[in-house]
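Asks: Here it is, the structure, as structure tokens.
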Amino acid sequence: MRVKNRPLRDLTEEALQCYFSDLNGHRPGDLYELVLGEIETPLFKTVLDYTGGNQSVAAEILGINRATLRKKLRQYELLD
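Note that this note's numbering has the sequence shown beginning at 769, numbered continuously upward.
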């Protein structure tokens, strides 16, 4: 499998299909929050690494307010 050339949406869809398959008919709860947590954490880590930890630049790259970024970083325990 060549992940490099596959769009993120395809990988996400595949992961979600596997997730539902593994549930064996059970109904999931809080799926939206689960998915956001799985995606936002590496997104924020990677962007902060790219910016050398500069939260203002990271927020600009992400297209969100710096205060929102800081709130999310606290939520995912990513602040130093």
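Note that beta-carbon positions come from the ideal geometry of N, C-alpha and C, so glycine has one too. Please read these numbers as outputs of a predicted model, since none were measured by experiment.
#1: Rounding to the nearest angstrom, what Cα-Cα distance links N833 and R774 in this structure?
#2: Can you check whether the CB of Q823 is closer than 8 Å to the CB of R838?
#3: Considering only residues of the stretch 770-843, which uninterrupted alpha helix (DSSP H) runs meet the minimum length of 4 residues and lie entirely inside it, listed in chain order?
#4: Can you give the Cα-Cα distance for G821 and E806, rounded to whole angstroms?
#5: Out of L802, I829, L804, V803, which has the shortest C-alpha to C-alpha gap to V815?
#6: For A827, does the count of other Cβ atoms within 10 angstroms reach 16, so buried, or fall short, so exposed?
Replies: This is what the structure gives:
#1: 30 Å
#2: yes
#3: 776-790, 799-818, 823-830, 834-843
#4: Spanning the two alpha carbons is a distance of roughly 20 Å.
#5: I829
#6: buried
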